[in-house]
Amino acid sequence: MYTCDLDLLVPLSDVTSVDEAGSKAVSLAELARGGIPVPVTFVLPTRCTSVPGESILEALGGCVAVRSSATAEDLVGVSFAGQFKSFLNIRTVKSLDEAVLECRASAHSEAVRAYCSARGIDASKIRMAVIIQRMVNAEVAGVLFTVHPVNGSEDEMLIEGCAGLADELLAGHRSGVQIPVRHGRATNKSDLLSQEQVQQLIEIGRRIQELKGAPQDIEWAIEHGRLYILQARPITRLCFAGIDGEWTNADFRDGGVSSDVVTPLVWSLYQCIWERALKGYLRELRLLDGDFEAARVFYGRPYWNLGAVKRCVMKLPGFVEREFDRDLAVQPKYSGDGARTPVNLWNILKAIPTVLAARRVFKAQEARDHELMGSDFWQQFDFDPRSISDHALVGRFKDLLEVAYLAVEENYFRTIFCASIAKLDLKSSIDGLPVSYCGLVGGLDGLRHFECVQELWQMANHTTVTLDSFLLHYGYHSRRELDLRIPRWSEEAEFIEAMVGKLVGAESPEELNRRQRVQFTEEFERAKRLFAPWRRRGFEKKLARLRKYLWLREQMRDLSTRIYALIRRFALEIGRRAAAAGYMRSAGDVFYLTYREIYEALAVSRQATVQQRRDYEQMYRNFVPPNEVGRGFALAPVENHGHRLMGIGCSTGVTSGRVRVVTTLENSGSLERGDVLVCPFTDPGWTPLLNIAGAVVTETGGLLSHAAVICREYGIPAVLNVAGATRILRDGQVVRVDGENGYVDLSE
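Everything in the sequence shown is counted per this note's numbering, starting at 4 for the first residue and increasing by one.
Have a look at this one:
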């Protein structure tokens with residue numbers, strides 16, 4: 004049994020370790036170091052079991068608050084709100100000792116064990132530190148939400164307060180005064196708080212969200228006119244009543260563009276392309292007559308208009324909303340199948356123009372893709388832009404974006420749309436039959452991503468391939484390819500050298516791919532025998548079309564990656580010159596301008612705009628965004644239902660292995676051969692890493708995703724779209740991955 008002298012109590016200014024002080028104390032310490040007014044506070048570390056009550060009471064003015072600070076408290080998605088005990092107005096040594104004991108005992112309550120079980124947390128490993136804080140004798144107290152918890156609007160906050168202490172208000176036993184805030188201004192006046200106090204709360208709320216990087220639930224109190232922050236935790240439940248329509252980041256999150264706060268440059272490019280590609284494609288298919296907003300940013304991440312797209316495709320006979328959502332890995336907000344479009348004569352007749360248009364679109368898209376892939380037009384931009392004048396530099400950058408980028412990226416997305424339709428067409432033919440979809444679409448020939456990894460493997464296994472020759476051919480790839488701030492491989496050769504080291508002794512990707520082609524042939528021959536002769540030809544045509552567009556999709560993605568590398572090169576050079584001329588603080592500021600603003604970057608200063616956008620990025624950098632927003636959707640903590648996690652089976656096979664959670668390629672060094680790679684998403688930059696893994700589990704993606712395609716070519720099981728996988732699964736845990744049926748079994 005340990006005891007705790009006053010010297011062992013940790014002042015808030017010295018708190019850094021969650022293991023010693025718990026999450027809430029570390030959070031408060033970060034606020035205090037960031038200039039946020041926090042009451043004088045000491046922390047009783049997890050290792051101490053008693054407290055010098057008289058000394059600490061005297062040091063804190065004779066009256067204290069005792070608050071929990073567990074090692075797993077107030078984290079993103081697992082706040083433990085209301086699970087642990089806190090005590091106010093403690094004035095005697097006896098009551099202080101009792102409060103500390105009860106606070107610590109609450110870590111082992113039945114309610115906490117149930118809470119942990121639902122979220123995949125090992126309750127036995129939770130340890131409790133205790134916060135002992137000067138009691139603020141509040142005239143007014145309450146809570147501030149930096150994003151309105153009901154509306155979900157980023158432009159709205161909500162202040163709720165009452166006279167005196169807010170403990171009964173926070174417990175729901177007392178009503179308070181609500182002060183909505185819109186665009187930084189209160190929308191109604193209140194006698195509870197002065198206008199100056201409201202503005203002070205609004206400003207401090209913004210500062211705290213910038214410090215924490217996510218929307219916050221903040222407890223505050225005012226004593227003798229001075230504002231104190233008692234605690235701040237991430238908002239874990241959010242509704243979207245103030246957001247019209249239905250919006251999703253499906254495909255965006257799989258590609259990585261929504262894996263972090265999107266920069267203004269990338270968003271301006273994506274918004275332009277999505278408007279052109281999505282609506283243009285729907286119009287060509289005779290499914291869209293009017294117009295709609297195709298994409299929008301919420302919480303720093305891009306989303307596209309799911310509701311509007313559904314209204315278009317709902318015109319087709321046989322449409323089933325649940326199947327549509329399942330294909331995109333969208334979580335349904337309705338019961339049953341949702342909206343359906345009957346297959347009847349009238350609906351079939353109305354769909355004939357779309358069927359005829361689709362044939363033309365598929366044929367034209369294939370021809371256009373081959374034309375782009377067979378051309379070397381992009382090479383006219385593949386030079387060192389430092390060698391040309393300012394005027395020429397901006398002109399070539401404009402040509403790169405408005406000619407090369409628009410052509411490649413629009414057709415890349417159109418190819419994705421064609422692949423989606425081809426997949427739905429094939430799936431409708433094989434549903435109910437004992438065939439493996441994954442087996443039918445594996446074994447694709449000549450994927451450029453695979454050629455890249457084959458050369459890496461050859462370099463690792465002592466062939467004639469050199470680092471210089473590899474970077475010459477594949478240096479346009481990156482650790483995160485849709486974030487133009489991240490260096491390309493050609494800029495960080497040490498990253499490639501580390502990857503090469505992991506591939507020493509691994510099996511050749513070419514051999515793995517050859518085995519997948521054999522398995523495809525076997526599955527194809529088996530599947531054909533299940534069809535009557537008069538239906539067999541239709542099945543073969545549908546499968547051939549899907550495989551063709553899967554191949555085209557990956558090849559077009561590679562071409563897209565080349566273009567993004569060129570955009571980065573030109574943008575950075577413009578940024579470098581703008582910084583030298585005093586129009587920017589640094590070359591990297593260029594990524595916080597839209598592409599049209601960059602055209603003027605060598606003549607116009609936008610430093611204030613850049614700073615505003617950097618501040619916005621800070622406010623959401625740690626936020627785990629909801630996959631869907633809009634009325635009817637909600638952000639809620641991920642729960643672990645038992646010992647089986649469900650997802651989408653995207654690559655066949657069953658294997659058991661040790662979990663390695665890799666949130667970014669930068670921290671992939673711990674992955675060893677045969678480990679189960681658990682990650683938020685993958686893009687082509689992750690392809691070499693997949694050659695090491697024994698199985699892959701991701702939080703995003705579906706049957707058409709890059710991860711699915713590459714895992715099938717490697718012949719390793721993959722379960723994608725597993726909600727909360729990187730938070731539920733833990734390093735070293737042994738799991739069993741079933742890539743055909745789409746589940747991950749956790750070890751006991």
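Every residue gets a Cβ at the ideal spot worked out from N, C-alpha and C, and that includes glycine.
How would you write the range of the beta strand (DSSP E) that residue i sits in, first residue to last?
i: GLN334; result: Element bounds for GLN334: n/a, residue is neither H nor E.
i: MET649; result: 647 to 649
i: ALA698; result: 698 to 701
i: GLY164; result: 159 to 166
i: THR44; result: 44 to 47
i: ASN308; result: 304 to 308
i: ASN670; result: ASN670 -> no beta strand (DSSP E), and no H or E assigned at all.
i: GLU101; result: That residue, GLU101, is in no beta strand (DSSP E); its alpha helix (DSSP H) goes 96 to 108.
i: ASN92; result: 90 to 93
i: GLY660; result: 657 to 664
i: TYR746; result: 746 to 749
i: TRP250; result: 249 to 251
Residue i and residue j: beta carbons closer than 9 Å?
i: TYR746; j: ARG663; result: no
i: LEU706; j: TYR440; result: yes
i: ALA73; j: ALA110; result: yes
i: VAL29; j: VAL21; result: yes
i: ILE651; j: LEU693; result: no
i: TRP349; j: VAL300; result: no
i: GLY478; j: TRP492; result: yes
i: CYS165; j: LEU204; result: no
i: GLY442; j: THR266; result: no
i: GLY660; j: ARG482; result: no
i: TYR623; j: ALA332; result: no
i: ALA710; j: PHE684; result: yes
i: LEU506; j: ASP385; result: no
i: GLY446; j: VAL323; result: no
i: VAL115; j: ALA102; result: no
Ignore the nearest five residues each way along the sequence and tell me which others in residue i's own chain have a CB closer than 6 Å to its CB.
i: SER82; result: Since pLDDT at SER82 reaches only 49, below the 50 mark, its modelled position is unreliable, and the value read off the structure follows with that caveat. Hits under 6 Å: ARG236, THR239.
i: ASP741; result: VAL657
i: LEU214; result: GLY37
i: ARG3; result: The first residue shown for the chain is 4 and the last is 751, placing residue 3 beyond what the model contains.
i: GLU171; result: ARG177
i: ALA144; result: LEU168, ALA169, ALA224
Grab the span of the alpha helix (DSSP H) containing residue i for me, first residue to last.
i: SER511; result: Taken as a continuous stretch (DSSP letters only), SER511 belongs to no alpha helix (DSSP H), as it is neither H nor E.
i: PHE243; result: Where PHE243 is concerned, there is no enclosing alpha helix (DSSP H), given that its DSSP letter is neither H nor E.
i: TRP537; result: 536 to 583
i: ARG491; result: Premise fails: ARG491 is in no alpha helix (DSSP H) and is neither H nor E.
i: PRO356; result: 348 to 377
i: VAL421; result: The sequence shown places Cys at residue 421, not Val. From DSSP, the alpha helix (DSSP H) with CYS421 extends over 409 to 433.
i: GLN136; result: GLN136 -> not in any alpha helix (DSSP H); beta strand (DSSP E) instead, spanning 131 to 137.
i: SER30; result: 21 to 36
With distance defined between alpha-carbon atoms, name the residue in the options nearest to residue i.
i: ARG66; options: PRO48, ARG661, PHE90, SER72; result: Reading off the sequence, residue 66 comes out as Cys, not Arg. With distances taken between Cα atoms, CYS66 lies closest to PHE90.
i: ILE134; options: TYR602, LYS88, GLN219, SER431; result: LYS88
i: ARG488; options: PHE498, ALA590, LEU12; result: ALA590
i: THR612; options: GLY377, ILE391, LEU268, LYS531; result: LEU268
i: TYR302; options: SER178, ILE566, PRO345, ASN625; result: ASN625
i: ALA3; options: TYR408, THR19, PRO48; result: Residue 3 falls outside the range modelled here, since the chain spans only 4 to 751, and no answer is possible.
i: LEU512; options: SER481, TYR717, VAL260; result: Strictly speaking, residue 512 in this sequence is Pro, with Leu absent from that position. Closest by alpha carbon: TYR717.
i: ILE162; options: ASP220, ALA410, THR251, MET131; result: ASP220
i: ILE93; options: ARG362, LEU63, ILE39, ALA217; result: LEU63
i: GLU296; options: GLU326, ILE276, GLU287; result: ILE276
i: THR701; options: SER673, THR666, GLY688, ASP734; result: THR666
i: PRO48; options: GLU33, GLU61, ARG107, ASP330; result: ARG107
i: ARG634; options: GLY446, ASP247, GLU405; result: ASP247
i: SER26; options: ILE39, LYS97, VAL103, ILE129; result: ILE129
Less than 8 Å between C-beta atoms, sequence neighbours within five positions excluded: which residues of the same chain meet that for residue i?
i: LYS545; result: ALA425, ASP428, LEU429, SER432
i: THR418; result: GLN368, ASP372, TYR552, LEU555, ARG556, MET559
Among residues of its own chain, excluding the 5 on either side of residue i, which ones have a beta-carbon nearer than 7 Å to its beta-carbon?
i: ALA509; result: TRP460, ARG676, ASN694, ILE695
i: GLU287; result: ALA360, VAL364
i: ARG617; result: TYR595
i: PRO305; result: ASN252, PHE255, VAL260, SER261, VAL265, TRP270, TYR273, ALA298
Practice item. Would you check if the stretch 195 to 211 and the stretch 110 to 130 touch, i.e. whether three or more CB-CB distances between them fall below 8 Å? Key: Contact between the stretch 110 to 130 and the stretch 195 to 211 is absent, with fewer than three C-beta pairs closer than 8 Å.
Check your understanding: Is it a yes or a no for the stretch 695 to 703 touching the stretch 669 to 681, going by three-plus beta-carbon pairs under 8 Å?
Key -> yes
Review point. Would the stretch 462 to 473 and the stretch 573 to 582 be scored as touching if the rule is three or more Cβ pairs under 8 Å?
Key: Below 8 Å, too few C-beta pairs join the stretch 462 to 473 and the stretch 573 to 582 to call them touching: fewer than three.
Exercise for review: Would you check if there are 3 or more beta carbon pairs closer than 8 Å linking the stretch 315 to 328 to the stretch 285 to 292?
Suggested key: yes
Check your understanding: Per the contact definition of three or more C-beta pairs closer than 8 Å, is the stretch 515 to 535 in contact with the stretch 362 to 378?
Key -> no
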